[in-house]
Every structure is written in structure tokens, then in C-alpha cells.
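Just so you know, the protein sequences line up as chains A and B, in that order. Plus 14 on top of the position in the first sequence (first one is 1) and you've got the working numbering. Plus 285 on top of the position in the second sequence (first one is 1) and you've got the working numbering. The beta carbon of each residue, even a glycine, is placed where N, CA and C say it ideally should be. The structure displayed is predicted, hence computed values, not measured ones. This report refers to the structure that appears directly beneath it.
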Amino acid sequence: MAVEMIAPPQLQQEQITEAGGRYTFTVDDYYRMAEHGILPPDARVELIEGEILTMSPVGGKHVTCFHTVMRQIDRQLDSTVTVRVQSPVRLNNHTEPEPDVAVIRERDYGDGHPGPDDVFLLVEVSDTTLRFDRNRKIPVYAAAGIPEVWIVDLNAAVVTRYTGPNDGAYDLQERFRRGQSLTIDALPAVTGVVDDILPKG
Amino acid sequence: MAVETIAPPQLTHEAGDRYQFTVHDYHRMAEAGILDEKQRVELIEGDIVWMAPLGGTHVESVMVANRPFVHAVGDHAFVSIQSSVRLNDLSEPQPDMAIVRKRRYGGKLPTPEDVFLIVEIADTSLRFDRDRKVALYAASDIPEVWIVDVNAGVLLRFAEPIDGQYRIADRHERGATLMLSALPSATIAVSDFFPE
Chain A
15 MAVEMIAPPQ LQQEQITEAG GRYTFTVDDY YRMAEHGILP PDARVELIEG
65 EILTMSPVGG KHVTCFHTVM RQIDRQLDST VTVRVQSPVR LNNHTEPEPD
115 VAVIRERDYG DGHPGPDDVF LLVEVSDTTL RFDRNRKIPV YAAAGIPEVW
165 IVDLNAAVVT RYTGPNDGAY DLQERFRRGQ SLTIDALPAV TGVVDDILPK
215 G
Chain B
286 MAVETIAPPQ LTHEAGDRYQ FTVHDYHRMA EAGILDEKQR VELIEGDIVW
336 MAPLGGTHVE SVMVANRPFV HAVGDHAFVS IQSSVRLNDL SEPQPDMAIV
386 RKRRYGGKLP TPEDVFLIVE IADTSLRFDR DRKVALYAAS DIPEVWIVDV
436 NAGVLLRFAE PIDGQYRIAD RHERGATLML SALPSATIAV SDFFPE
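Below, the structure is given as C-alpha cells:
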């Protein structure tokens, strides 16, 4: 008779109550803070693993880049897929980031946000935020099972593609430079051309 | 005539910096039920952080020290137990004991000018108390802080804040008696924090 292994309960969401340990918020807390004006309407924040984190001000180069990525991808999509910019994606009860570009399943989201199962690709444009995007957001995206992430590093003029989420990391990381192009794993007909994504150099 | 230019305060928000809550935000979270009253938290430099669950040793230390403090300060001060002190717009800790000026508070919390001494009983929280809270108290010009390390049976005294640091930092064993620097008529023995 086969012995069935039962996974231990996930302790990840449990609050660590050691003195000085940071209090973590749920998505529900986060929305109630906005509702009660505790988070001002113009606050540029995102909820990452229960922490409310500030987002850096968006510079012109950054906006131009994610807008270009959005346009480039959007015109290759059929009606079953759509693309959003700087919109929330709800990864779990403690994490709701706002990636620069989200390529998601087209459906009626009502008053909710796309979840990991809806996502084909997330793109983060890094001007000043490379370390945070790479060290904090990538593991969070991988843990949530986001199938693919592109980080556009404006300073190094490189697009890094992360695929194969596996236990909080991505198995595959590939770098694409000017002259190259890349496709979305789940949507092989959709191509990103690095020369078009990066500012004219 | 020379024109003096004053640089505006720098608000550098780097991506991934934690959003800082003010004491006002913090109280509104409690009002809105986002922070449950049963949750033991305090606001430290804009961060809402957990306080260690109160263990028996910790509670007993506060209980036995209470009466000696009340006697020692007499009519000069209040002994406030496990209550909030508003240090500034971003910090409102709840020390185990705060010896504060006797006055009418009119529904407001004591502020640094009111405080003669802050005592933290450290059972499991020694590192946080010693490393983060002492620095915060020094920056707030709290005249004196005692950290009672109940496991080691010693009292760490920090006094004379200058430029965000305590000039005096020393260690007292059981058998020692200390005088409050801001209230010299009051003396407390280290053994007062430990049951007979």
C-alpha cells in the first residue's frame, strides 16, 4: 500500500510575533486603509508580503518604456488576452503588487483584480529599482507561480526573461540585448523586440 | 546682503522602502478595526511592530517593581504601566514602565518632556529593546532608560542623551541601587525587579 505524504501546513502566512517583528497586513487591511483615508488616494504604494512599500516616482524614460512594451505586445494579441499597465495583480492574501505591464487572460474581472492564474507575463521596467525588482519582486512572483517575468534594465540596456517558477525562484534566466528578440512562453506568437523596447540609443 | 538658501527636507522614496505610518494613521487604524485591540503592537519609526507576548517572568517583574516605584517617586511622578508614550509623529512605543511628570494630561499621551525614566523588561526582546528602542529613546531625548534583562539578572542603564546617543551606558547587578538622574529623590534597587 502506498503511503501518502501529506504536506505540512504552510506557515508562510503566519505572523511572526517576535518583539520588533514587523506587523504584516492582509489585502483586506490594505483596502480598508485606503477606504478610511489612512493611505491617501495619491499614495504610490504596493502590498508585498504584508508590507506596504512605496514605489519610486516614475520618470519619463520609465513611462515611455512600459508604454512601448504595452503597445508592442497589445497589437499582437487576440481577443482572449489583454494587457494592463501599472495595475494591481492579487497574488495572495498578503501580496498585491502593481507591475508596469501585465499580460493577462481577457475576462470580466468585476471589482476584483487578476490573480496568478490569469497572468501570462509581468514586465517590470527598472530605472532606479533594479535591485528591489530582482531581489524582492522576482522571488515573490516565482512563489506565486507567475509563469514569466521580464525585467527591462534601462541602465544596462538588457531585458532579462525569467521562466519556470520553482519553489520561490525561476529555473531559467535569459538575457536579451539590442538586436535580439524574445517571445512569451505561454503565447509563442507574441514577440518582443529589444530594440523597440529600449529607448532609441 | 547674503541670501541664505535653506534646502528643503529630502523625501527620498526609493522603491521598496516601507511606507511610514504616523501616530495619527496608527490611531485611525485602531478606530477602523484594522488593528485589533487585542494585538500587542507598537509604532516604532513609522513601522508597526509586534511586541513580545507577555511571559510569566516578564509580568511578574513588572508586578513586583510597581510598588517600589510608586513609593520611590512619591508625589513627584506617575508610574505608568505598559502604556503608550508619544515620542514624535512616527513613534509611539509602549514601554513596560514609564515614570512621568505628574500633571493633567487632558486625554493626551505623555511626550518626551514628561518622561523621567523608561523601563523595558526584556525576557525575549533583549536585542530589539537594546538595539532599536534605546536608540529611539536617545534620539527623543528621554533622560534615562533601564533595560532589565530578567534572564541574566542584570539592569542596563542608559542615561544623559547627547546627539542621539546615551553618554552613560552601564550595567548593574543585583545588590546595586540606582538613583533616577531626572528625579534624584527616587532610588530603586535592581533586586526590586526580581521576586524574593
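Short Cβ contact (9 angstroms threshold) for residue i with residue j
i, j, result
"A/V59", "A/V103", "no"
"A/V163", "A/E110", "no"
"B/Y422", "B/F443", "yes"
"B/A337", "B/T409", "yes"
"B/G331", "B/S376", "yes"
"A/P128", "A/L168", "no"
"A/Q90", "A/V173", "no"
"A/V72", "A/L105", "no"
"B/A362", "B/M382", "no"
"A/I211", "A/Y176", "no"
"B/E405", "B/D414", "yes"
Residue i at chain B interface by Cβ criterion, 9 angstroms
i, result
"A/P37", "The sequence shown places Tyr at residue 37 of chain A, rather than the Pro named in the question. With 9 angstroms as the cut-off, A/Y37 counts as an interface residue toward chain B."
"A/G178", "no"
"A/L196", "no"
"A/V59", "yes"
"A/I62", "yes"
"A/L135", "no"
"A/L53", "yes"
"A/M84", "no"
"A/R150", "yes"
C-beta neighbour in chain A for residue i, strict 9 angstroms
i, result
"B/E431", "It is worth fixing the name first, because residue 431 of chain B is Trp in this sequence and not Glu. For B/W431, the answer is no, since every Cβ of chain A falls outside 9 angstroms of its Cβ."
"B/I329", "yes"
Beta-carbon separation (whole angstroms), residue i vs residue j, contact threshold 8 angstroms
i, j, result
"B/D360", "B/K387", "7 angstroms"
"B/A357", "B/I473", "6 angstroms"
"A/P179", "A/A156", "4 angstroms"
"A/E120", "A/T96", "4 angstroms"
"A/R36", "B/V334", "6 angstroms"
Three-state secondary structure (DSSP) of residue i
i, result
"A/V72", "coil"
"A/G34", "coil"
"A/N216", "Residue 216 of chain A is absent from the model: chain A starts at 15 and stops at 215."
"A/L212", "coil"
"A/Q187", "strand"
"B/A471", "strand"
"B/A315", "helix"
"A/R89", "coil"
"B/Y304", "coil"
"B/H361", "helix"
"A/P111", "coil"
"B/N351", "helix"
"A/T174", "strand"
"A/T82", "helix"
"B/F479", "coil"
"B/M336", "coil"
"B/A292", "Residue placement at B/A292 is poorly supported in this model, since its pLDDT is 44, which falls under 50; the coordinates are not used for a value here."
"A/F39", "coil"
Interface residues of chain A facing residue i [CB-CB closer than 8 angstroms]
i, result
"B/I333", "R36, Y37"
"B/A300", "L67, T68, M69, S70, T142, T143, F146, D147"
Chain-ordered neighbours of residue i on chain A, where CB pairs are closer than 9 angstroms
i, result
"B/S410", "E32, A33, G34"
"B/R303", "R36, E65, I66, L67, T68"
"B/F413", "E32, A33, G34, G35"
"B/V326", "Y37"
Proximal residues of chain B, C-beta to C-beta of residue i below 7 angstroms
i, result
"A/H50", "R313, A317"
"A/D43", "I319"
Beta-carbon neighbours of residue i, restricted to chain C and to distances below 8 angstroms
i, result
"B/R417", "Looking at the structure shown, chain C is missing, and the protein chains on hand are A and B."
Partners in chain A for residue i, counting only beta-carbon separations shorter than 7 angstroms
i, result
"B/V308", "Within 7 angstroms Cβ-Cβ: nothing; B/V308 doesn't reach chain A, min ~12 angstroms."
Partners in chain B for residue i, counting only beta-carbon separations shorter than 9 angstroms
i, result
"A/R191", "Those do not exist, as A/R191 stays about 24 angstroms from chain B at its closest Cβ, beyond 9 angstroms."
"A/R46", "M314, A317, G318, I319"
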